[in-house]
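Student: The sequence shown runs 1 to 1020 under the UniProt record's numbering. Where is the CB? At the ideal position from N, CA and C, for every residue including glycine. If you're wondering where the values come from, they're calculated on a predicted model, not measured in any experiment. Submitted below is the structure of interest, expressed as structure tokens.
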Amino acid sequence: LLSAVSDEQASAGVEDALAPDPPRQYVVRVNRIDKNRVHREIAKHHFDSTEATAFAITELAADQSFSVQLSFLDVHDRWSSESSPVAFRTLPPLRVAVRDVGEGYVSLRWGRWQGGTELLEGENDLNYRVQLHRVISDAEECDAVPQQYNVQGKTAFVATGLRPSAVYRVHVACASKSSNVWGKWSEPAYICTTQAPMVSVDLIGQDFAVISWQRPERTSNVLTMLPGAEFVRADFNNRTPLPQVVDAERGAAVHYGDDTVVEHHLNVYRVDPPPTPALDPKPVRTLVFDVKRNPGESTVRVPGLEPNTKYVATVRSMFASKHWGVWSEPLELRTTMPTKVRVQDIAQDGLVVAWGCVNDDADDQVSNAADLDTEKHELAVEGLDDDFVLKVQVAGSIHSHSVRGLQPSGRYSFSVRSFLISDNAWGAWCEKIFVKISTTPLALVEASQDWLHVKWTGKAPPDGRPKAQFLTVVGEGQATIESIPASSNSHVVKNLTPNTRYVAHMLCVEQLPTYWTPEVDDPADTNRGRDDVVAKTTNAGEQESLAGVSFSLPLVSSESGFFIASGIALRTHRLLEAHIDRVGQNFVLVRWGVQRETGDLADELHVPGELFEVETVTLDGSEPPRYQRAHGTYVFVRHLRPDSDIRCAVRTVASRTEVACSWSNHCTVRLLPMIDPVLGPGDGSDVPGVGEDYAIVNWSRALAKFSPERLQGISFEVRITPLEGPTAHAEQTYETSDPRYHCTGLLPDTKYQIQVRTVIAHRSSDGGEEVAKGEWSRPLITTTLSPMAVCLVDITETTANVHWRRRNCAQAAGGNWWSDEDADAIRSEISTISSFHVRVVESAADDGSVFYDEQFGEHHSEFQGCRAALRGLKPDTVYRVAVRASTGRLWGGWSTDTSFTTTRPVSVRTSSVAEASVVVAWERQLPSLTTEPDDSLSPTLLADVTSWEVRFAGVGPDGSGAVKTVSASVRSSFSLQRIGGLQANAAYAVCVRAAYSGGTRGPWSEAVYCVTLPPLRVDV
């Protein structure tokens, strides 16, 4: 490089003007060199000037030629020219060679081959990574965490810690120590580890064990995980791996090792409990036997073991590659105990004793190696309280024998010895065991018709010694013997006969504890040394003659006198008799008692038991059986389905025993049906069942098919519930004994719900009363009739017209319903009515006398038109009008009183009296309205005045009408009129009355008198 400064100046910090500009950014281009030596760019990498000037290019293809070029950008944003390409070639991929495969290891070698020639690398400068994936189901599904090993500077490695009989996938990768960049993984190689040996025990004794092992055949699950796999045997001297590409149809190559065994190694450990379980709960293992055997041997006899001790045995093998395989799964075993005799089973006709080597923690006899050296066994039984002696010899392969002929209230010893083939002599007698046979006093807990419950004092042996108890129950013509568990202190004997006398006693057979000896007297044995016990001495030849002898001797034997003292006597109860006393819709009254000798039922004081259970079954099977408990001798069974056939039975519930007693006789009955109330009196008439303030319901049809005896004592409840109005849902209940009911005091035009149910009252012998009520019937929904709407129209001084209709009909007709001339509608409304009753009362009358009281039947025109004319009323008087309807037998409620006031006659005055005319003025004072503001359906309307009639009646000097009467008609719109045509100087009585529509005229008003002026007299 050219420089304008010297080295001293440069060290002093003098700037060199000829120095190149520092770079700001680098670009590295990666090119692939094809077969024509053409460089084609495949990647470009950018770097900042602050970054390191070293970079690892990854993800390149193996065994290919590449080149790299460098250019940079200076601080003036000027790119330099690219450098000369630097060419290189990537290495071929690693390939793995499997040299050996064992149970838990694999020996590998790897390298790079190109054209069949191995490429040598600087192994000391390279690191290798070996991964082994255990294949689970197929080549793609492996363990999530592989086994990985790091190897430095070597191309061979032995991987250990593998599982036997498993398939692994092996990969190897390489990295330089300087760059620490890992290359690609090699192609996978598959291996199958060898099967581990399986250890078993052929024979075990007190101080020895015979252990054998074998190697199972290679499993065939490799072909399931790797379909089409080809098995290749690994060669320890092979240094060249298989070809990299394997035929796809043939599948992967699976390497397996040479399983030729050159040596076996057996270890036996004694297992002791941990000294400090709280700190270290693991048991302590101590090696007690270590031996190596030739490959042809697979069985070893392990001597010098301790009796009844736990051991663990394990085996491994060395293969031709001089590598030891893995230890087999540990085999746990326990040596046996010395020969012991024990009671194996206690039956009714004798007991079974067994002998042999028995473990402390096992109940059954285990394999005994001494059987191979035993020709026969001899069992000796000796009575301690009598002269009974029994000796029996059996084959060496037999370890139990049934002993019979033992007597109650006695104690016996048992011992066994064996004849050994190796010694050709009898061995020593084993330790004796002792058996005791005695009686147990019984106490009665409870008895029923077909069972009895007894108890006794005693408990099971705490050390697990055999103990058996036999309970004998003897009655009239039958005897029952049952075996009771040793832990039980009570028992229930079933299937007995009612009202029968029974006697029960118990016999106990148990093995005495090991610390008991004949020299120690047993104070609990009260029958030891009795003279009345007969002793028997038997031998092996007499054993068959005792096959029918039982422990529990019958009561008729002379040898069983001690049983009577310890037994109990009782009589079972009589069966219950049940019958159904009362029947309702959803309940029945069930009574029960016991049957006397005369056939009658006894009273409730003699019924056995305090608590009883009643079973109720629906015969059609639609409901599951129901059970109800009760005290006394009767019960109401409720909530049954009406009109169904049921069956009832009763049994006693034991108070101290959880055993069911016998059922009584079954009683079948049909329940009453559901009451279906209907409107009407139910006597066949057509009287409607509902009015304005009443309703008549009956339910006689539902009870017609039952006899009076079935209905005796049954009353009924009627529930009336308004569904609307101010008292909605306020229930009212009434009682009646008649199958119909007249509901009164109801609100008009209101919806009601009516229901009926049966009621039965039962009085017990102690004076108490219990009431059973049935199910409410289906709701009967009805609406009371609407009251009459009364309208007063055309009211005058002395007349008025009354109109009436149902309020709901009047409301449906609309505004002026009283003027509705629809005859069909009126005829439909009165179709269920037989007559109307109209009553008019003068409000001012002190005695409340009725002014008008008429009834109109179907033949009256007033009935057909629902109207009536009132005549002869008093002017300016208040009246009250009410109307009611009859349905043929019962009158409905009166309608609300409608008050009206008749009009007053007009008041008349005269003025402007002349000779032939007089001005007449009149005034009509209307009554006040009496209709309630909210009762628009019952108005009171005055009659319309069509005209006024004015009358001038002449009055003579003597009161006679000598003067001609003058009458005039004036339009209704006028109240002042001059009347002419009069005579001069004449006296007149002036009256006025109204002419109403329809031709009705009101009464004349009070007369007003006037005198016309005399004619003028002119005097000249």
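Please state the DSSP three-state secondary structure of residue 456.
Tutor: coil
Student: How about residue 257 and residue 101: do their beta carbons lie closer than 8 Å?
Tutor: yes
Student: Let me make sure I understand the geometry here. Which of 936, 926, 924 has the alpha-carbon closest to that of residue 896?
Tutor: 936
Student: Look at the alpha carbon of residue 1012 and the alpha carbon of residue 987, and state the distance between them as a whole number of angstroms.
Tutor: 7 Å
Student: What span of residues does the alpha helix (DSSP H) with residue 743 cover, start to end?
Tutor: Careful: residue 743 lies outside any alpha helix (DSSP H), inside the beta strand (DSSP E) at 740-744.
Student: My assumption, with CB atoms under 8 Å, is that residue 255 sits in contact with residue 190. Please give the rounded CB distance.
Tutor: 7 Å
Student: What do you reckon, are the CB atoms on residue 740 and residue 700 nearer than 8 Å?
Tutor: Yes, they are a contact pair.
Student: Considering only the beta carbon of each residue, do residue 978 and residue 917 sit closer than 8 Å?
Tutor: yes
Student: From residue 170 to residue 96, what does the alpha carbon distance come to, in whole angstroms?
Tutor: 8 Å
Student: Check residue 812 in the structure and name its three-state DSSP category.
Tutor: helix
Student: Quick one: what does DSSP say residue 795 is sitting in, helix, strand or coil?
Tutor: strand
Student: Distance, Cα to Cα, residue 209 vs residue 202?
Tutor: 8 Å
Student: Sorted by chain position, which residues of the same chain lie with C-beta nearer than 8 Å to residue 274's C-beta, five sequence neighbours on each side aside?
Tutor: Beyond the five residues adjoining it in sequence on each side, residue 274 comes within less than 8 Å, by CB distance, of 280, 281, 282, 283, 284 in the same chain, given in chain order.
Student: Can you list, in chain order, the residues of its chain whose CB lies under 6 Å from that of residue 248, leaving out five sequence neighbours each side?
Tutor: With a pLDDT of 40 at residue 248, under the threshold of 50, the modelled position of this residue cannot be trusted, and the question is left open.
Student: From which residue to which residue does the alpha helix (DSSP H) around residue 826 run?
Tutor: 823-829
Student: Run through the DSSP bridge pairs and tell me what residue 645 is partnered with.
Tutor: 670
Student: Could you give the distance in angstroms between the alpha-carbon of residue 852 and the alpha-carbon of residue 803?
Tutor: 15 Å
Student: Expressed to the nearest angstrom, what Euclidean distance is found between the alpha-carbon atoms of residue 56 and residue 162?
Tutor: 35 Å
Student: Can you tell me which of the three DSSP states residue 9 falls into?
Tutor: helix
Student: I want to know whether the segment 643-650 touches the segment 611-619 - three or more CB-CB distances under 8 Å.
Tutor: Cβ pair count under 8 Å is three or more, so yes.
Student: For residue 337, which option in 260, 430, 973, 393 has the closest C-alpha, if you only look at C-alpha atoms?
Tutor: 430
Student: If we cut at 8 Å on Cβ distances, does residue 107 have a partner in chain C?
Tutor: Of the protein chains in the structure, only one exists, and it is not chain C.
Student: Please confirm if the segment 184-199 is in contact with the segment 340-358, defined as three or more CB-CB distances below 8 Å between the two stretches.
Tutor: no
Student: Three-state secondary structure (DSSP) at residue 612?
Tutor: strand
Student: Is residue 899 near residue 883, with beta carbons less than 8 Å apart?
Tutor: no
Student: If you reduce the DSSP assignment to three classes, tell me which class residue 834 lands in.
Tutor: coil
Student: Quick one: Cα of residue 1002 to Cα of residue 994, how far?
Tutor: 5 Å
Student: What span of residues does the beta strand (DSSP E) with residue 1044 cover, start to end?
Tutor: No answer is possible for residue 1044: it lies beyond the span of the chain, which begins at 1 and ends at 1020.
Student: Mark residue 824 as exposed unless 16 or more other C-beta atoms lie within 10 angstroms of its C-beta, in which case mark it buried.
Tutor: When all chains shown are included, residue 824 counts as exposed.
Student: If we call anything under 8 Å between Cβ atoms a contact, is residue 989 one with residue 953?
Tutor: yes
Student: Do you know offhand how far residue 404's Cα is from residue 440's?
Tutor: 21 Å
Student: Do the CB positions of residue 393 and residue 465 come within less than 8 Å of each other?
Tutor: no
Student: Among 938, 1006, 920, whose alpha-carbon lies nearest the alpha-carbon of residue 976?
Tutor: 920
Student: Considering Cα atoms alone, identify which of 620, 784, 771, 270 is closest to residue 694.
Tutor: 784
Student: Taking the beta carbon of residue 938 as the centre, do at least 16 other beta carbons fall within 10 Å, making it buried, or is it exposed?
Tutor: buried
Student: Around the C-beta of residue 521, are 16 or more other C-beta atoms found within 10 angstroms, so that it is buried, or is it exposed?
Tutor: Unreliable placement is indicated for residue 521, whose pLDDT of 48 sits below 50; the coordinate value is still reported in the next sentence. A residue is called buried once 16 or more other Cβ atoms fall within 10 Å of its Cβ, and residue 521, having fewer, is exposed.
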